[in-house]
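The structure appears right after this line, and notes come after that.
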Amino acid sequence: MNSKFPSTLVALLAFLCLTGCNKDLEERIDRLEAELREVRSDTRENVEGLKSRVIAAENTVGTADDDRSFAERLQAVEGAVRQGGAGGVGNQMVYLRPNLQGHAPLQTDHGTFLIRMEGMELNIENNSYSVHLNIGNPQAIAIEQFTLTGDHGGGTPELDEGEAYSLDNPKIREWQATLKPFEYQVTKTLEPFSWTPFDIELAADSRDELEMIRFSMSIENARLKRQGTSGGTESPFAHIKVDSKGASVLRTEYGAFLVTVKKSEKTDLGTRLILEIGNPYGFTINQCRIIGDHGPALPERNDSASPQEYSEKMREWSANLQPFESAVPDKIANFRWNRTSILIASPEKNVKFLRCQLRVEDVTLPAATDKK
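Residue numbers (the working numbering): 49 to 420.
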């Protein structure tokens with residue numbers, strides 16, 4: 049009896065010790081589980097917050113409240129930064145690229161002009177490029193002196209999804225730092241209602257530094273064109289060289305439109321001219337026609353030995369002009385270039401020059417919409 053007591057006591061002590069250890073272990077496990085639940089809760093909250101941010105970024109990347117492009121938004125940011133700087137109120141940056149089709153609007157404190165890039169050539173002598181520009185002046189003022197102020201460089205950087213389109217973005221700041229500034233004063237007169245070509249010289253080591261050219265236009269000298277002293281208005285007839293790549297202005301009682309001849313085609317009925325008509329207004333022209341005179345190519349002054357010989361050639365040329373009238377078969381939609389055609393019942397060699405005007409017969413405005 050006495051010999052068994054110690055062994056029983058040892059067993060009891062061992063049981064109590066294990067029970068205490070198990071209790072401590074259970075308490076530790078409970079504490080760990082509680083901590084783990086807290087970590088899981090915090091993680092879920094962080095994941096939900098991150099998910100919401102990702103969804104918001106996916107819904108806004110590449111877009112803006114007013115559906116502006118990246119260049120337009122960057123231009124707006126730069127405009128805010130440059131407020132009060134050179135260029136004057138109303139002057140805004142225009143962005144040009146070598147492969148840009150058509151023209152871009154150039155806004156100044158004297159109104160909106162049209163500008164396009166016709167190409168560029170390397171100037172080896174002074175390590176620069178001659179950039180060929182063409183400005184369309186739809187205003188009734190002649191611009192006699194203006195300055196282009198801007199910079200040029202590589203194309204705008206591509207941003208990843210969720211990256212901010214602002215100057216706070218390091219990629220944008222890095223790209224901005226690579227741009228080369230320039231200022232170029234032009235003294236060539238921009239006549240009213242016409243296109244004027246001119247060149248600017250930009251210092252660049254390669255064409256890669258001219259992937260993007262942007263500038264604002266500050267007008268320093270302008271004069272108002274006087275109307276005829278007899279009280280009449282300027283001639284509504286446009287003079288169009290069919291082989292020219294430029295655009296001409298067609299003035300109507302509805303405003304001025306642009307027209308350019310893309311090509312001519314020989315048909316069984318005569319000559320078909322493929323046109324592009326630019327409509328800068330908010331209405332659509334449903335019906336219109338082009339009327340005037342057509343004839344062979346205009347004589348070149350340099351081909352005449354004397355002014356008298358040139359005058360004689362002009363008289364002969366004028367005698368060969370023939371009247372024409374052709375309906376435009378397509379609608380001229382608002383705010384865009386519209387491809388269409390006209391048919392002139394004459395051989396192609398006699399349709400190299402047009403003295404014509406646009407007769408607008410029916411227009412419509414878009415239906416009004418209620419904005420709530």
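All C-beta atoms, glycine included, are put in the ideal place defined by N, C-alpha and C.
| task | Note down the Cα distance separating A345 from A252, rounded to an integer number of angstroms. | result | If you number the sequence shown from 1, residue 345 lands on position 297. If you number the sequence shown from 1, residue 252 lands on position 204. Rounded to whole angstroms, A345 to A252 spans 40 Å at the Cα level.
| Cβ separation of N185 and F241, assumed to be a contact under 8 Å, to the nearest whole Å | Residue 185 sits at position 137 when you count from the first residue of the sequence shown. Residue 241 sits at position 193 when you count from the first residue of the sequence shown. Yes, they are in contact, since the Cβ atoms of N185 and F241 sit about 7 Å apart, within 8 Å.
| query | Which residues in the same chain as D351 place their Cβ atom closer than 7 Å to its Cβ, once the five residues preceding and following it in sequence are excluded? | reply | Position 303 of the sequence shown, counted from the start, is the residue given in the question as residue 351. Once the five neighbours on either side are set aside, D351 has no close Cβ partner at all.
| field | Same chain, Cβ closer than 6 Å to D291, five either side skipped, listed in chain order | value | Position 243 of the sequence shown holds residue 291. So no residue of the chain qualifies.
| Skipping 5 residues on each side, what residues in its chain have a beta carbon closer than 8 Å to that of R271? | Your numbering for residue 271 matches position 223 in the sequence shown. Cβ neighbours of R271 beyond the five flanking positions: I189, A190, E192.
| What is the C-beta distance between K310 and L298, in whole angstroms, given that I count them as a contact (C-beta under 8 Å)? | Within the sequence shown, numbered from 1, the residue matching residue 310 stands at position 262. Within the sequence shown, numbered from 1, the residue matching residue 298 stands at position 250. 16 Å between Cβ atoms; not a contact.
| field | Pair within 8 Å by beta-carbon distance, K289 and F401 | value | Your numbering for residue 289 matches position 241 in the sequence shown. Your numbering for residue 401 matches position 353 in the sequence shown. Yes, Cβ-Cβ distance for K289 and F401 is below 8 Å.
| message | Do I261 and V179 count as a contact pair if the criterion is CB distance below 8 Å? | response | Here residue 179 corresponds to residue number 131 of the sequence shown, with the count starting at 1. Here residue 261 corresponds to residue number 213 of the sequence shown, with the count starting at 1. Cβ distance < 8 Å, so V179 and I261 count as in contact.
| In this structure, does DSSP put I191 in helix, strand or coil? | Position 143 of the sequence shown, counted from the start, is the residue given in the question as residue 191. If DSSP states are grouped into helix, strand and coil, I191 belongs with the strands.
| So, using beta-carbon positions, are L215 and R221 closer together than 8 Å? | One-based indexing of the sequence shown puts residue 215 at position 167. One-based indexing of the sequence shown puts residue 221 at position 173. In this structure, R221 lies closer than 8 Å to L215 by Cβ.
| request: Mark S359 as exposed unless 16 or more other C-beta atoms lie within 10 angstroms of its C-beta, in which case mark it buried. | output: The residue you call residue 359 lines up with position 311 of the sequence shown. Exposed.
| Cα-Cα separation between F230 and H200, rounded to whole angstroms | As a working mapping, residue 230 is identified with position 182 in the sequence shown. As a working mapping, residue 200 is identified with position 152 in the sequence shown. If I take the Cα positions, the gap works out to 8 Å.
| field | Three-state secondary structure (DSSP) of Q356 | value | In the sequence shown, residue 356 corresponds to position 308, counting from 1. Helix.
| said: Quick check on I267: buried or exposed, where buried means 16 or more other Cβ atoms within 10 Å of its Cβ? | reply: The sequence position of residue 267 within the sequence shown is 219, counting from 1. Label assigned to I267: buried.
| message | Quick check on this structure: which residue in G198, K314, M141, L196 has the alpha carbon closest to the alpha carbon of I390? | response | Counted from its first residue, the sequence shown places residue 390 at position 342. Out of G198, K314, M141, L196, K314 has the C-alpha closest to the C-alpha of I390.
| Every unbroken alpha helix (DSSP H) within the stretch 180 to 243, with a cutoff of 4 residues, ordered by chain | 218 to 226
| Where does R387 fall in DSSP's three states? | Translated into positions along the sequence shown, residue 387 becomes position 339. Strand at R387.
| request: Using three-state DSSP, classify K311 as helix, strand or coil. | output: Translated into the one-based positions of the sequence shown, residue 311 becomes position 263. Three-state result, K311: strand.
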